[in-house]
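Peer 1: Submitted below is the structure of interest, expressed as structure tokens.
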Amino acid sequence: MKPQQALRRLAARYGRQQAWWPAAHTFKVVIGALLVQQTRWVQVEQSLAALRAQSLLRPELLADVDLQRLAELIRPSGFNHQKSARLRRIAGWWQAQGGYPALSRWTTPDLRGALLGQSGVGPETADAILLYGFNRPVFVVDAYLRRLQQRLAGRTDGDNGDQALARQWLAACDHDVERCRQAHALVVIHGQRNCRPKPDCRGCPLQPGCSYAGSSILARR
Ligand code: SF4
Numbered sequence: 001m002k003p004q005q006a007l008r009r010l011a012a013r014y015g016r017q018q019a020w021w022p023a024a025h026t027f028k029v030v031i032g033a034l035l036v037q038q039t040r041w042v043q044v045e046q047s048l049a050a051l052r053a054q055s056l057l058r059p060e061l062l063a064d065v066d067l068q069r070l071a072e073l074i075r076p077s078g079f080n081h082q083k084s085a086r087l088r089r090i091a092g093w094w095q096a097q098g099g100y101p102a103l104s105r106w107t108t109p110d111l112r113g114a115l116l117g118q119s120g121v122g123p124e125t126a127d128a129i130l131l132y133g134f135n136r137p138v139f140v141v142d143a144y145l146r147r148l149q150q151r152l153a154g155r156t157d158g159d160n161g162d163q164a165l166a167r168q169w170l171a172a173c174d175h176d177v178e179r180c181r182q183a184h185a186l187v188v189i190h191g192q193r194n195c196r197p198k199p200d201c202r203g204c205p206l207q208p209g210c211s212y213a214g215s216s217i218l219a220r221r
């Protein structure tokens, strides 16, 4: 099944998804994207609230904060010493580049490359920052999408596989930012409800065109 068809069926099943990071300023998206690694969003919200209370969502203040104090504030997100060092470093980089007004003028490949050069920022985090923070049309390739695609059609592993996957799903969204956000949310919700590590294929709207479901049915005959 092609991504476009899968997205149509997922949209029909789950409807319009609430915006992630609604009305968040870009640097808050950066902070959230780093904090959410290896933890749940509910934990991140506690850390963000603590940072907000101390005005530390502002990069110019975060760049100079005492590391021990920062680690205490973001303790709910886990790995707090590692994450506090990363946050302070990226805040310093952000400031040195001239902040959002300057960075927003960079091309998407340049911005992605620079983000990938930051400690703790891998492709998934960089693409989430680009999509949700900088409103750039990119598709976030995460574990949910890899698993779904592998089951729908099969694909090769590795970095080239991720790049091809991103191109394919981005094209299915017509390179439109809002569609990419909706599609990402739909893939995540489907990965949490049906297409889990042990999939529940009963009633899945993608079942008629899914290789995995087809081979499971054949194996049972
Ligand atoms: S049919 Fe099963 S394996 Fe295929 S997409 Fe749906 S839940 Fe995943």
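In this text, residue positions in the sequence shown follow UniProt numbering: the first is 1, and each later residue adds one. Note that CB positions come from ideal geometry on N, CA and C, so glycine has one too. Please read all numbers here as calculations on a predicted model, not as lab measurements.
1) Between residue 137 and residue 175, how many whole angstroms is the CB-CB distance? I'm expecting something under 8 Å.
2) Assuming the contact rule is C-beta atoms closer than 8 Å, residue 164 and residue 139 should be a hit. Round their C-beta distance to whole Å, please.
3) Quick check on this structure: which residue in 39, 43, 129 and 74 has the alpha carbon closest to the alpha carbon of residue 54?
4) Please state whether the Cβ-Cβ distance between residue 119 and residue 26 is less than 9 Å.
5) With DSSP run on the structure shown, which of helix, strand or coil describes residue 107?
6) According to DSSP, is residue 79 helix, strand or coil?
7) For residue 90, does the three-state DSSP call read helix, strand or coil?
8) Going by alpha carbons, who is nearest to residue 68 out of 60, 83 and 57?
9) How big is the Cα-Cα spacing for residue 89 and residue 202?
10) Check whether the stretch 36-43 touches the stretch 4-13, taking contact to mean three or more Cβ pairs, one atom from each stretch, closer than 8 Å.
11) According to DSSP, is residue 28 helix, strand or coil?
12) Leaving aside the five residues before and after residue 133 along the sequence, list all residues of the same chain whose C-beta is less than 7 Å from its C-beta, in chain order.
13) Taking residue 136 as part of the alpha helix (DSSP H), name the residues at either end of that continuous run.
14) Quick one: give me the first and last residue of the alpha helix (DSSP H) that residue 121 is part of.
15) Cα-Cα, which of 114, 170, 111 and 188 is closest to residue 148?
16) Taking only three categories from DSSP, how would you classify residue 55?
17) Excluding the 5 residues flanking residue 34 on each side, which residues of the same chain have their C-beta closer than 8 Å to its C-beta?
18) Would you check if the distance between the CB atom of residue 152 and the CB atom of residue 209 is smaller than 9 Å?
19) Looking only at its chain, what residues have a beta carbon closer than 6 Å to the beta carbon of residue 127, apart from the 5 residues adjacent to it on each side?
20) Can you give me the C-alpha to C-alpha distance between residue 4 and residue 173, rounded to a whole angstrom?
21) Identify whether residue 8 lies in helix, strand or coil by the three-state DSSP scheme.
22) As an exercise, report each continuous alpha helix (DSSP H) stretch of at least 4 residues that is fully enclosed by the stretch 164-209, in chain order.
23) Span of the alpha helix (DSSP H) holding residue 143?
Peer 2: The short version:
1) On the sequence shown, position 137 is the one that residue 137 refers to. On the sequence shown, position 175 is the one that residue 175 refers to. Right, their Cβ atoms sit about 4 Å apart.
2) Locating residue 164 in the sequence shown gives position 164, counting from the first residue. Locating residue 139 in the sequence shown gives position 139, counting from the first residue. With 8 Å as the limit, residue 164 and residue 139 do not qualify as a contact, their Cβ atoms being about 11 Å apart.
3) For the purposes of this step, residue 54 is identified with residue 54 of the sequence shown, where counting begins at 1. Closest by alpha carbon: 74.
4) Sequence index remark: in the sequence shown, residue 119 carries index 119 (1-based). Sequence index remark: in the sequence shown, residue 26 carries index 26 (1-based). No, Cβ-Cβ distance for residue 119 and residue 26 is not below 9 Å.
5) Position 107 of the sequence shown, counted from the first residue, corresponds to residue 107. Residue 107: coil per DSSP, three-state reduction.
6) As a first step, residue 79 is located in the sequence shown; it is residue number 79 there, counting from the start. In this structure, residue 79 counts as coil in the three-state DSSP scheme.
7) Counting from 1 along the sequence shown, the entry for residue 90 is found at position 90. Note: residue 90 maps to helix in three-state DSSP.
8) As a working mapping, residue 68 is identified with position 68 in the sequence shown. Nearest C-alpha to residue 68: 83.
9) As a position in the sequence shown, residue 89 is number 89, starting the count at 1. As a position in the sequence shown, residue 202 is number 202, starting the count at 1. Rounded to whole angstroms, residue 89 to residue 202 spans 47 Å at the Cα level.
10) no
11) In the sequence shown, counting from the first residue as 1, residue 28 sits at position 28. Note: residue 28 maps to helix in three-state DSSP.
12) As a working note, residue 133 is residue 133 in the sequence shown. For residue 133, where only same-chain residues beyond five positions count, the Cβ hits under 7 Å are 26, 29 and 30.
13) As a first step, residue 136 is located in the sequence shown; it is residue number 136 there, counting from the start. Residue 136 -> no alpha helix (DSSP H), and no H or E assigned at all.
14) On the sequence shown, residue 121 is found 121 positions in, with the first residue counted as 1. No alpha helix (DSSP H) contains residue 121, which DSSP labels as neither H nor E.
15) Along the sequence shown, read from residue 1 onward, the residue named residue 148 stands at position 148. The shortest C-alpha separation from residue 148 is found at 188.
16) The count along the sequence shown starts at 1 and reaches residue 55 at position 55. Reduced to three states, the DSSP call for residue 55 is coil.
17) As a working mapping, residue 34 is identified with position 34 in the sequence shown. So the qualifying residues of the chain are 83, 86, 87, 90, 120, 121 and 125.
18) For the purposes of this step, residue 152 is taken as residue 152 along the sequence shown, with counting starting at 1. For the purposes of this step, residue 209 is taken as residue 209 along the sequence shown, with counting starting at 1. Closer than 9 Å, so yes.
19) Locating residue 127 in the sequence shown gives position 127, where the first residue counts as 1. The residues are 138 and 140.
20) Here residue 4 corresponds to residue number 4 of the sequence shown, with the count starting at 1. Here residue 173 corresponds to residue number 173 of the sequence shown, with the count starting at 1. Their Cα atoms are separated by approximately 7 Å.
21) Sequence index remark: in the sequence shown, residue 8 carries index 8 (1-based). It is helical.
22) 177-193
23) On the sequence shown, position 143 is the one that residue 143 refers to. Where residue 143 is concerned, the enclosing alpha helix (DSSP H) stretches over 143-152.
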